[in-house]
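For reference, the structure is listed below as structure tokens.
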Amino acid sequence: MRPILGAAFVAWYAASPLAAQQRAISDSDLFAFRWVASPQISPDGRQAAYLLVTVNAKHDGYETSLWLVATDGASPPRRITAGPHDGAPRWSPDGTVIAFLRPKDGHAQLYLLSLAGGEAQQLTDLPKGAGPAAWSPDGKAIAFVSSTTPEDIAKADKKDEPKSDVRVITQAEYRADDEGYLDPAEHGHIWTVSAAMPGDQPAKAHQVTSGTFDEEAPQWSRDGARISFISDRVAESYYYPPDNNFYSVPATGGAMDTVADINGPIFGPAVSPDGKAVAFRGWINPRAPRSYNQSDLFVSRAGKGGAGGTGGTGGTGGATNLTADYDFAMGGAVLGDQAPPRGGEGSSPNIWTMDGKAVIVATTEHGRSNLVRFDAQTGAREPLTTGDHAVLAYTATPDARRFVLTIGDPTHLPDMYALDAQTKRLTQLTHANDSLFAKLQLVAPEDFWYPSFDGKKIETWIMKPVGFTPGKKYPLILNIHGGPHTAYGYIFFHEMQWMAAKGYVVVYPNPRGSTTYGQDFGNIIQYKYPGDDYKDLMIAVDSLIRRGYVDSTKLGVTGGSGGGLLTDWTVGHTHRFAAAVSQRDVADWLGFWYTADFTLFQPTWFRSTPFRDPQEFLARSPVRYADSVTTPLMFILGDEDYRAPPNQGGEAMFRALKYLRKTTVMVRFPGESHELSRSGKPVHRVERLQHIVRWFDKYLQGKPTTAYDTP
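Here it is in structure tokens:
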């Protein structure tokens, strides 16, 4: 694995002739980025399929195509589909066919591609499309999820009748960010279809499950007789703590059995090779709701019928917690702005070794994500990868001896690697951005820890400006992550690199409330958000100023989502910042409670409701402190952000500041959701970066602009 550059090397490199031949990264380099996603290793371990995501600048969108590469790294990858929007590749058990998704008439359908040659053939033709393929062990059938109903099929050949566009809403959660308004009558169910090459006509699919609940993540039993899946079988589940279970049904349909139930959510269930146990991530709901619940790794020994029969119901369900003494995050949990957009899958499956003695899964410690092997009896740990990087997605051969995985770090977009689980040797298989990045002078961040006001240790990263000169003072940007329960770490961040390229010191801490530091560290901000996390952030800035290369009169602050909330809070509680940019923020907790796409019906962030105890919400709403704001404040908002709707965030704060005749501007992005910075339209993502830096340039570097003048 590529190492993070040491400080001595960085200092030498910055002064070397090679660095002089390179240039700083630009905002528009995003148009040339290539994202490697959805790594899928063949059953024999000799090849890997993956998605390559690229920007189509002409159409201001993204394109995805399937590629194939040998896992010995001896030959370059080759493209096997034309795209432009292919996704979710899945190998057949014999390794001769790849099933994948391709849009047809507005819905994703399953296609089959024979590696012996020929064009991909359409397998499904359901009115509401199909989800990713789950192959049966004998390769004769595929299970998938679709929200199609028999009524949809009956109407498919009929002329569309006039239909009202009026919505009748009875659910508290009636729309979802990046999805839009939800149809409460639409449910995802398990279907199966023959996996024979269909020829000119799609195959007829068979519906396995039905009803008023959703099923997801289907997988076959080892004998192909049953299909297991995850489902939350509670109506209006937002009234209750999260609690989905792992179930199974006969592959032809019939009565449903419970495989695993721990009185809490279940993620990534995987049945053991002998079919007698299931491994999964999740947590057991505490008596008192928590703001943050850190997942553990469980193994449940199934009851009668093995993993196709009935497991425990309620309590721990007979499950053993393998990570009770491992106080870190399960799964890949590092935040970046370059996850593969529009089609790339990121997943952290739980993978059994062939002998059933261990389970392999990604974990994240202090912003570093790696693969770890856990003993299925004792929970004893053995790392399979190590280093300052982030493992994003991975799959393994049936014997779990060989893996393919995508790995990124602060100076490299993710590439795909092959891993030998015995020798732990990594072989790089793709070099998707090498030609571009060879031209760029990127900044390797410095990681350091500092004590906060109460002695709690806080981890942060610093990027110095490109061409940093010791003894010179630079403007600083404090960049705050959202969540609040997520984490910065060792992953590529275009935004930070762009700021460093424009002459800024960038500091991005993981204040209390961040993940990857344990359950207590994550949950400590419950009922106190924002609060002490703000103090952690201010001490990070103080620590940088004491180093002598930051100009304390030229400080900026920005952040998105929860980071936008903390940006608003910061400028309402201190005058030390000369400029601020608040993105997709929360400014009015009362408004957020009523309008966000998820509910706060569970007392996780607030003990009460805004109509019963408005003072609790007002006390932590930044808009209440608008009178105290003196910092020029920009708001960046997506018009279709349903996670943090603009009317409770930047719109409210902007209107309050305008009423007070304070310096502010609002920048709106049509059609964009809460995911603007990560998967918005390419042009919008670049324009967002331009607005952020232009605002800071105006107030921190004195660069004139009339773009934000009031007419």
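Going by my numbering, the sequence shown opens with residue 945, and the numbers climb by one from there.
Glycine included, every Cβ here is placed at the ideal spot set by N, Cα and C.
(message) Contact defined as beta carbons within less than 8 Å: I believe Val1449 pairs with Tyr1493. What is the distance between those atoms, to the nearest angstrom?
(response) Contact flag correct, Cβ pair sits at about 7 Å.
(request) Using three-state DSSP, classify Gln1634 as helix, strand or coil. (result) Correct three-state label for Gln1634: helix.
(request) Apply the 10 Å Cβ neighbour rule to Asn1379 and answer buried if 16 or more other Cβ atoms are within range, or exposed otherwise. (result) The displayed chain sequence assigns Ser, not Asn, to residue 1379. Burial call: exposed.
(message) Does the structure place the segment 1461 to 1468 close enough to the segment 1643 to 1654 that three or more beta carbon pairs sit under 8 Å?
(response) Cβ pair count under 8 Å is below three, so no.
(request) Note the first and the last residue of the continuous alpha helix (DSSP H) segment covering Gly1508. (result) From DSSP, the alpha helix (DSSP H) with Gly1508 extends over Gly1506 to Val1515.
(message) Counting C-beta neighbours from all protein chains within 10 Å, is the total for Met1443 16 or more, i.e. buried, or is it exposed?
(response) Sixteen is the threshold: when 16 or more other Cβ atoms of the shown chains lie within 10 Å of the Cβ of Met1443, as they do, the residue is buried.
(request) Flag this pair as yes or no: are the beta carbons of Ala1596 and Arg1528 separated by less than 8 Å? (result) Not in contact: Ala1596 and Arg1528 (Cβ atoms no closer than 8 Å).
(request) Give me the Cβ distance between Arg1629 and Leu974, rounded to the nearest whole Å; I'm assuming they're in contact under 8 Å. (result) Yes, they are in contact, since the Cβ atoms of Arg1629 and Leu974 sit about 6 Å apart, within 8 Å.
(request) Report all residues from its chain with a CB closer than 8 Å to the CB of Asp1653; omit the five preceding and five following residues, and keep chain order. (result) Cβ within range, chain order: n/a, list empty.
(request) Over the uninterrupted beta strand (DSSP E) stretch that includes Ala1052, give me the two end residues. (result) First-last of the beta strand (DSSP E) with Ala1052: His1051 to Ser1058.
(message) Just to confirm my understanding: we take Asp1281, look at its own chain, exclude 5 residues before and 5 after, and list those with CB closer than 7 Å. What are they?
(response) Correct list, in chain order: Phe1437, His1438, Glu1439, Ser1621 and Arg1622.
(request) Report buried or exposed for Pro1455, applying the criterion of at least 16 other Cβ atoms within 10 angstroms of its Cβ. (result) So Pro1455 ends up on the buried side.
(request) Report the rounded CA-to-CA distance for Lys1642 versus Glu1007, giving the unit in angstroms. (result) Rounded to the nearest whole angstrom, the CA to CA distance from Lys1642 to Glu1007 is 36 Å.
(request) Can you give me the start and stop residues for the alpha helix (DSSP H) that Phe1381 sits inside? (result) Its alpha helix (DSSP H) spans residues Asp1378 to Phe1381.
(message) My parser needs the alpha helix (DSSP H) runs of 4 or more residues fully inside the segment 1204 to 1234; what are they?
(response) Every candidate alpha helix (DSSP H) stretch fails here, since none sits fully inside the segment 1204 to 1234 while reaching 4 residues.
(message) Do Leu1581 and Phe1613 have their beta-carbon atoms positioned less than 8 Å apart in this structure?
(response) A distance below 8 Å separates the beta carbons of Phe1613 and Leu1581.
(request) Counting only the same chain and skipping the five closest in sequence on each side, list residues whose C-beta sits under 7 Å from that of Ser1154. (result) Only His1133 meet the Cβ criterion.
(message) Less than 8 Å between the C-beta atoms of Tyr1434 and His1333, yes or no?
(response) The answer is yes: Cβ separation under 8 Å.
(request) Kindly give me the distance between the Cβ atoms of Arg1023 and Trp1011, rounded to whole angstroms, as I take these residues to be in contact under 8 Å. (result) Right, their Cβ atoms sit about 5 Å apart.
(message) Under 8 Å, with one C-beta from each stretch per pair, do the segment 1562 to 1573 and the segment 1485 to 1501 reach the 3-pair mark?
(response) Taking 8 Å as the limit for Cβ pairs, the verdict is that the segment 1485 to 1501 does not touch the segment 1562 to 1573.
(request) Have a look at Arg1568 and Lys1606 and give me their C-alpha separation to the nearest angstrom. (result) Rounded to the nearest whole angstrom, the CA to CA distance from Arg1568 to Lys1606 is 15 Å.
(message) What does the alpha-carbon distance come out to for the pair Val1278 and Gly1506?
(response) One C-alpha to the other measures close to 16 Å.
(request) In the DSSP assignment, find the unbroken beta strand (DSSP E) run with Trp1035 in it and report its ends. (result) Start and end: Gly1031 to Trp1035.
(request) Might you give, ordered along the chain, the residues of its own chain that have their beta carbon closer than 7 Å to the beta carbon of Trp1296, omitting 5 neighbours on each side? (result) Excluding five sequence positions before and after Trp1296, the CB atoms of its chain that fall closer than 7 Å to its own CB belong to Ala1214, Ser1216, Pro1217, Ala1223, Val1303 and Ala1344, given in chain order.
(request) Please confirm whether Asp1082 and Gly1197 have their CB atoms less than 8 Å apart. (result) The Cβ atoms of Asp1082 and Gly1197 do not sit closer than 8 Å to each other.
(message) For Leu1328, which residues in the same chain have their Cβ closer than 7 Å to its Cβ, ignoring the five residues on either side in sequence?
(response) Here the set comprises Ile1304, Leu1315, Val1316, Arg1317, Leu1363, Ala1365 and Lys1368.
(request) State the start and end residues of the unbroken alpha helix (DSSP H) segment that holds Glu1560. (result) Glu1560 -> alpha helix (DSSP H) spans Pro1558 to Ala1563.
(message) For Ala968 and Phe1412, I'd like the C-alpha separation in whole angstroms.
(response) Going by the C-alpha atoms only, they are around 12 Å apart.
(message) Does Gly929 pass the burial test, meaning 16 or more other C-beta atoms within 10 Å, or should it be called exposed?
(response) Past the boundaries of the shown model lies residue 929; the chain is included only from 945 to 1655, so the question cannot be answered.
(request) Name, in chain order, the residues that DSSP records as bridge partners for Ala1043. (result) When DSSP reads this structure, Ala1043 sits in a beta bridge with Arg1034 and Leu1056.
(request) Return the Cβ separation of Pro1474 and Leu1422 in integer angstroms, given the expectation that the two are a contact with Cβ distance under 8 Å. (result) About 14 Å separates the two Cβ atoms, so there is no contact after all.
(request) Using beta-carbon positions only, say whether Tyr1452 and Trp1405 come within less than 8 Å of one another. (result) At a Cβ-Cβ threshold of 8 Å, Tyr1452 and Trp1405 count as neighbours.
(request) My understanding is that Ala1263 touches Ser1244, with C-beta atoms under 8 Å, so please give their C-beta distance in whole angstroms. (result) Taking C-beta atoms under 8 Å as the contact rule, Ala1263 and Ser1244 qualify, at a distance of about 4 Å.
(request) Determine the closest residue to His1375 out of Trp979, Ala1179 and Arg1551, with distance taken between C-alpha atoms. (result) Among Trp979, Ala1179 and Arg1551, the Cα nearest to that of His1375 is on Trp979.
(request) May I ask which residues mark the beginning and end of the alpha helix (DSSP H) holding Phe1536? (result) Per DSSP, Phe1536 is one residue of the alpha helix (DSSP H) stretching across Trp1533 to Thr1539.
(message) For Arg1312, count the other beta carbons within 10 Å of its own beta carbon; 16 or more makes it buried, fewer makes it exposed. Which is it?
(response) Classification of Arg1312: buried, given that the 10 Å Cβ count is 16 or more.
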